[in-house]
Structures are given as structure tokens and as C-alpha cells.
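To keep things clear, I will list the structure first and then write my remarks on it.
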Amino acid sequence: MFDNFSRMDEKDRKILAELQADCRRPIAEIADRIGLSLSACARRISLLETQGYIESYGARLNADLLGYGMTFYVEVSLDNQTDAALAEFEKAALRRPEVLECHLMTGDADYLMKVATKDTSDYESIYRKVIAALPHVNRIQSALVMKTVKPWLGYQVE
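When you line the sequence shown up against numbering that gives the first Met the number 0, it's residues 0 to 157, in that order.
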């Protein structure tokens, strides 16, 4: 069917868009919406999964209703950037459920992390006990999200 994204056809892109918008949508409905038979649509979805285009299925949860009313982006600079220091930091960050995302970056900071908290007191605790305690941390700079203007809803596939 395809080897990479540029070689995907319109039907595959529409399947990805439909699943990304609502992964609970029945395959029969997706097939009908994009003009495929149920079996052809199911086959394509299976292939998209096998080839890694679909990594997982899940639900977007409401952070406010879960009690996480504050989101912080945290820039972390390490005391050195050796492979060993980077690996040690990353291994420790992966184990921390408070760290929602962690990205190795170019620029002034080595890492950009996303942290959701209940309030500023909760963030202070995470700052002191989690982020500052990660190995090789030299500098931390935090920014509080005041308002999410455009939430991430998925990749452009069509």
C-alpha cells in the first residue's frame, strides 16, 4: 500500500485523520465516511498499525477536572552534556510520572519538560523534590501556562 508517508494514498490519510479525531469510531463508520468496504478499511488500519503509523489508541483527559489546573513548561540545563550525563538524566526523568513530556532541545536549555500540577504549592514541591533532584541538573527555568489558546489535537495528515 505504501512505504512512507509521502507514498500513502488519500484513503490512508483519511483513515488516519478519522482515527485521530475519534479512535472510538467504529471501523464500519470510518469505511463508510471514506468510501471503502469494511474489510478493506480494516485491512488498511491493520497495516497502518503494523507499520507504526498508529502507535496506540487513547483518550484525551480533562486536566482541570482531574485537578491539574496548572501547567508548567520547564527548561532544564545540565552541568555537562556527555552521553553518560544525558542518559542518566533521561533515565531518571522517564521514571517520574510528574514529568508529562521531556524533550532534548537545541538552544540555551538542554531539555524542555511539561509538568501539570494542582497549584503553585504542588509545583514548588515537584520543583524541589523531583526536578531539582534529577541527576546533573544545573539550572531550571519555569514558565506557567496562563491559557491554552490552541491545544494539540493531532498531526496534519490530509
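Ideal Cβ positions, reconstructed from N, Cα and C, are used throughout, including at glycine.
What residue from the options has the CA that sits closest to residue i's CA?
{"i": "TYR122", "options": "VAL136, GLN140, PRO134 and ALA108", "result": "GLN140"}
{"i": "ALA142", "options": "VAL114, VAL98 and LYS128", "result": "VAL114"}
{"i": "ASN61", "options": "ASN137, LYS128 and THR116", "result": "THR116"}
{"i": "LEU103", "options": "GLU97, GLN80 and THR119", "result": "GLN80"}
{"i": "GLY68", "options": "ASN137, SER55 and THR119", "result": "THR119"}
{"i": "ALA83", "options": "ARG24, LEU15 and HIS135", "result": "HIS135"}
{"i": "GLY57", "options": "LEU111, CYS22, ASP107 and SER38", "result": "CYS22"}
Just the C-alpha distance for residue i and residue j, rounded to the nearest angstrom, thanks.
{"i": "VAL156", "j": "SER76", "result": "34 Å"}
{"i": "TYR126", "j": "GLU9", "result": "46 Å"}
{"i": "GLY153", "j": "GLN19", "result": "6 Å"}
{"i": "LYS146", "j": "VAL129", "result": "25 Å"}
{"i": "GLY66", "j": "ASP109", "result": "29 Å"}
{"i": "LEU64", "j": "ARG138", "result": "32 Å"}
{"i": "PHE71", "j": "ALA86", "result": "23 Å"}
Give me, in chain order, the residues of the same chain whose beta-carbon lies closer than 7 Å to that of residue i; leave out the 5 immediate sequence neighbours on both sides.
{"i": "THR49", "result": "none"}
{"i": "TYR52", "result": "LEU15"}
CB-CB under 8 Å to residue i, same chain, minus the five flanking residues each way: which ones, in chain order?
{"i": "MET0", "result": "Note on MET0: pLDDT 46, under 50, position unreliable in the model; the coordinate value appears next. So the list reads MET7, ASP8, ASP11, ARG43 and LEU46, once near-sequence residues are dropped."}
{"i": "LEU133", "result": "VAL75, PHE88, ALA91, ALA92 and ARG95"}
{"i": "ARG24", "result": "GLU17 and LEU18"}
Looking at the C-beta of residue i, does it have a partner C-beta in chain C at a distance below 8 Å?
{"i": "ARG32", "result": "Checking the listed chains, one finds no chain C in this structure; it contains a single protein chain."}
On the DSSP bridge assignment, give the partners of residue i in chain order.
{"i": "MET69", "result": "THR116"}
{"i": "PHE142", "result": "With the sequence shown as reference, residue 142 is identified as Ala, and Phe is not the correct amino acid for it. Per DSSP, TYR72."}
Once you ignore the five residues that flank residue i on each side, which residues in its own chain have a CB closer than 6 Å to its CB?
{"i": "GLU100", "result": "LYS113"}
{"i": "LYS149", "result": "none"}
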